[in-house]
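Novice:
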Amino acid sequence: MANFIFKKESSVYLVYQGLKYKLEVSPDLTFSQAFTEESSSVKTLHTQNFFERATIKKANPANFAFKIPVFKENDIEVVHDRLLDCNTFDLYISTTEEVFKLEKAVITNGTYEIEKSTPLSLSVSGEASELSRMGPPGSYTIPGTLQSITAGRTYLQSSEIEVSLNAVNISTEVYSLSVELQNEVSWNPNNTIHSSLNTTNATNIIYPLNFTVSKKILAGSVGRYITDSNDTFVQNFDESRSLVIKVGQRIGGTLYGFTFNMPTVSVTNRMTPSEVYTQNYDWRLTSNQALTTTITYNNI
700 MANFIFKKES
710 SVYLVYQGLK
720 YKLEVSPDLT
730 FSQAFTEESS
740 SVKTLHTQNF
750 FERATIKKAN
760 PANFAFKIPV
770 FKENDIEVVH
780 DRLLDCNTFD
790 LYISTTEEVF
800 KLEKAVITNG
810 TYEIEKSTPL
820 SLSVSGEASE
830 LSRMGPPGSY
840 TIPGTLQSIT
850 AGRTYLQSSE
860 IEVSLNAVNI
870 STEVYSLSVE
880 LQNEVSWNPN
890 NTIHSSLNTT
900 NATNIIYPLN
910 FTVSKKILAG
920 SVGRYITDSN
930 DTFVQNFDES
940 RSLVIKVGQR
950 IGGTLYGFTF
960 NMPTVSVTNR
970 MTPSEVYTQN
980 YDWRLTSNQA
990 LTTTITYNNI
């Protein structure tokens, strides 16, 4: 009789430049990699074979996704920095039975989970060159110098949200907020005739090795109640407005969390009639200043 393997608690480690960081991820962590299959006909003049031959020579980029809480301390700064700069790292997932490795991983999407009076979190997803099974935890040691975790970390709440559009504070009328950063990544072809001939199984299949970042998109929306004093921009647009968003928790007079300082965004406004009339500002960053200047993670 077969023994079923159930999904259990996993320990997740990010290894970057020889340093190993243990991440506190939510249970909905996912990761996978698929192989590319091509079919070819085997039908001839003398045989009517309807089922085609399969050829598998290369792997698609691996995928991963996880969500982490945001702290007052800088324990997740390594993840947030990799979202901004697209530098690669190795990601290890250790279970009671196996250690999995995602090699040359890059974050392609980051969503700032913002909902008033709820924990502030960051959801990221990305791609990697290769997903490997490294063996049971007792037989394999994850490399890198383990970095200490701050004792008694403070989980930040989205208790304070400040929004300024064209230097006008609209925070009191905002009911929803979303911010998302997308990194468009294209993996370079890595297959040659020689390497394809040598491919016989998963140990020598062709994996993607290098990528280029073709475009970045920072965008989101601001949901705002319509009042008799803020309805002048309803069903309108503007190609150049400034937008500053601050979200997090104020502790000891300091706001810890994220600041998005965008000197130029394009904005479109749409009205939604319901029991209470609302308007949504859908915005997209158009200024090309450095992302480290645009997005600041305020921590200690």
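In the numbering used here, the protein residues as written are 700 to 999.
Every residue gets a Cβ at the ideal spot worked out from N, C-alpha and C, and that includes glycine.
Which term fits A804, buried or exposed, when burial requires 16 or more other beta carbons within 10 angstroms of its beta carbon?
Specialist: That one is buried.
Novice: For K766 and L821, I'd like the C-alpha separation in whole angstroms.
Specialist: Roughly 6 Å between the two C-alpha positions.
Novice: Provide the residue span of the beta strand (DSSP E) that contains D937, from first to last.
Specialist: Looking at the DSSP string, the run of the beta strand (DSSP E) that includes D937 is 936–950.
Novice: Can you tell me which of the three DSSP states D727 falls into?
Specialist: Reduced to three states, the DSSP call for D727 is coil.
Novice: Does the Cβ of G919 have 16 or more other Cβ atoms within 10 Å, making it buried, or fewer, making it exposed?
Specialist: With 16 or more Cβ atoms within 10 Å of its Cβ, G919 is classed as buried.
Novice: At the level of alpha carbons, what is the spacing between G922 and N960?
Specialist: If I take the Cα positions, the gap works out to 18 Å.
Novice: Determine contact between the stretch 978–989 and the stretch 755–770, defined as no fewer than three beta-carbon pairs at a distance below 8 Å.
Specialist: No, the stretch 978–989 is not in contact with the stretch 755–770.
Novice: Just the C-alpha distance for L801 and S793, rounded to the nearest angstrom, thanks.
Specialist: Spanning the two alpha carbons is a distance of roughly 11 Å.
Novice: Distance, Cα to Cα, S787 vs K815?
Specialist: One detail in the question is off: residue 787 reads as Thr in this sequence, not Ser. Each residue's Cα considered, the two are about 33 Å apart.
Novice: Grab me the residues of I806's own chain with a C-beta within less than 8 Å of its C-beta, minus the 5 sequence neighbours each way, in chain order.
Specialist: Correct list, in chain order: V778, R781, L782, C785, V823, S824, G825, N882.
Novice: Rounded to whole angstroms, what is the Cα-Cα separation between L984 and E796?
Specialist: One C-alpha to the other measures close to 45 Å.
Novice: Would I813 be called buried (16 or more neighbouring beta carbons within 10 Å of its own) or exposed?
Specialist: Its Cβ being crowded by 16 or more others within 10 Å, I813 is buried.
Novice: Tell me, to the nearest whole angstrom, how far the beta carbon of Q732 is from that of A761; I am working on the premise that it is less than 8 Å.
Specialist: With 8 Å as the limit, Q732 and A761 qualify as a contact, their Cβ atoms being about 4 Å apart.
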